[in-house]
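Numbering (the working numbering), first residue to last: 32 to 402. All residues carry an ideal CB built from backbone N, CA and C; glycine is no exception. See below for the structure under consideration.
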C-alpha cells in the first residue's frame, strides 16, 4: 500500500544502509557532517544500523546538531509543551529552506522526548539513489511536483490518503509546507489548495474531516534568510520571463541552505486548530471555508514569527527612514549593508532593482507581523 509514496519501513533499512555506505559520495558526506571522524570507523558503525529510529538518532539528528553548531549563533524554540507525546499531529509550516525547516523541527521534537514526524519529499528532489535512500530512511514521503491537471489530482489524492493513514493508522505525525515551494519574497501565505488536499481523502463533513488531522501550524524564522541571494536572482528574472531551473539547482539550494550562516533561528509550534475554530470557518460557503482556514493558519504563524534585526534594518533601508533604528546599532547596519552589497555583486541584473528585491525579502515580514 502507498508503495510509490511511503518512506522505508524497518525491514528495508539494512539494504538501504549498505547502498549508502558503498556510494562514492559517502566519504565526502561523513567528512563534512562529522569533521575529525574516521570515515572507516563511521562506516562500520553505520553498517550496524537496522531501524529508522536508529538511523535518525545515530546519523541524521547528530548531523543536524552539528550543522546548527556550525551555522547558527543561537537556536531557540517554543510551544513544544503544547504537544502530547501520545498524540499525533499534521504540522503545517512556513517554508524558507528546502531541508532545514522540517529537519530542525525533528531535532527539537527529539530533544523534547517526542516522536519525530514524517516529512513531505518533493518528487523534484528525488534525484539519484543516494538522495532517495537517505530521504526515505529519514521518514520522508513523496509528494508530486508538476504534471497534468489529471495526474496532479491523482497524486494529491494519494498524498492526502497517505497522510491520513500515517496519522490515524500508523501513528505518525506528518510535516508539510503551507504552500507549493519555498517562500521567496518573505511573505508566508498558506495556499488553500494545500488545505483542500488534506480534505479530499475523507467523505466526512468539513469540521470532522479536518479536526481528526490535528492541524498544527509551525513558524520558523532565520536571522539570515536561507539562499537569500539565490532567491533575489530568481525573483528578478521572474519579473521579465518564466523562471526555468538549471539542472541540479535544487540540490545546490539544499547545500547552500545547509552551509550558509544563519545567525539566530527560532522555531515555534503554535496551538492546534480546534474543532470550534473549524466550525467558524464552516459558516462560509465551500470555497471560502478553506480560505478562512488559510487565514487562521497565517495568523498563527505570524503571531509566533520571530523578527530579527536584519528584518528591521532591511525595512528602514528599503523605505529610507529610521522607524526601527532602536532595534539595531549603526555597526549592525554597516555590517548588513556590506553583506548585501557583497552578495549582490554576484547577481545579474540592474543593481537598484536587485537591491530592492533583496531588501523586500527581509522587510516584508515586518509589515506582515505588524510591529
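- The straight-line gap separating the alpha-carbon atoms of residue 32 and residue 197 is approximately 12 Å.
- CA-CA distance, residue 142 to residue 86, rounds to 16 Å.
- The three-state reading of DSSP puts residue 129 in coil, since its state is none of H, G, I, E or B.
- Here the C-alpha atom of residue 388 lies approximately 9 Å from the C-alpha atom of residue 349.
- By the CB criterion at 8 Å, residue 248 and residue 113 fall outside the cutoff.
- Fully enclosed beta strand (DSSP E) runs of no fewer than 3 residues occupy 103-109, 121-124 and 149-153 of the segment 92-173, in order along the chain.
- When beta bridges are read from the DSSP output, residue 294 appears opposite 103.
- Distance from the Cα of residue 270 is smallest, within the candidate group 216, 80 and 286, for 216.
- In the three-state reduction of the DSSP assignment, residue 232 falls in the coil class, being assigned neither a helical nor a strand state.
- Nearest to residue 265 by alpha-carbon distance, out of 79, 118, 39 and 385, is 385.
- Exposed is the label assigned to residue 72, since fewer than 16 other Cβ atoms lie within 10 Å of its Cβ.
- For residue 51, same chain residues with a beta-carbon under 7 Å away, outside a window of 5 residues either side, are 57, 161, 164 and 165 in chain order.
- Residue 252 is bridged by DSSP to 297.
- Contact check for residue 100 against residue 288 fails: the beta carbons are separated by 8 Å or more.
- Under DSSP, residue 208 forms a beta bridge with 124.
- In this structure, DSSP gives residue 341 a helical state, which the three-state scheme calls helix.
- In the structure shown, the three-state DSSP call for residue 268 is helix.
- The beta carbons of residue 245 and residue 203 sit no closer together than 8 Å.
- The secondary-structure analysis by DSSP pairs residue 304 with nothing; it has no beta-bridge partner.
- Residue 368 counts as exposed, since fewer than 16 other beta carbons sit within 10 angstroms of its beta carbon.
- DSSP places residue 361 in the uninterrupted alpha helix (DSSP H) bounded by 361-375.
- In the three-state reduction of the DSSP assignment, residue 246 falls in the strand class, which pools E and B.
- The Cβ atoms of residue 394 and residue 345 lie closer than 8 Å to each other.
- Under the Cβ criterion (8 Å, minimum of three pairs), the segment 278-288 does not count as touching the segment 326-344.
- For residue 336, there is no enclosing alpha helix (DSSP H), as DSSP marks it with neither H nor E.
- In the pairwise beta carbon analysis, the segment 93-110 is classified as not touching the segment 179-192: fewer than three pairs are separated by under 8 Å.
- Sixteen is the threshold: when 16 or more other Cβ atoms of the shown chains lie within 10 Å of the Cβ of residue 396, as they do, the residue is buried.
- Of the other Cβ atoms in all chains shown, 16 or more fall within 10 Å of the Cβ of residue 133; this residue is therefore buried.
- With contacts defined as CB atoms closer than 8 Å, residue 207 and residue 125 fail to qualify as a contacting pair.
- Annotation: residue 332 to residue 400 spans about 9 Å, alpha carbon to alpha carbon.
- For residue 317, the secondary structure class from DSSP, reduced to helix, strand or coil, is helix.
- The C-beta separation of residue 309 from residue 238 comes to about 5 Å, placing the pair in contact by the 8 Å criterion.
- Check the Cα spacing between residue 109 and each of 168, 139 and 81: the tightest is with 139.
- Sorting 263, 330, 328 and 398 by C-alpha distance to the C-alpha of residue 372 places 263 at the top.
- A Cβ-Cβ separation of about 7 Å places residue 219 in contact with residue 329 under the 8 Å criterion.
- Closest in C-alpha terms to residue 77, from the list 45, 135, 41 and 154, comes 45.
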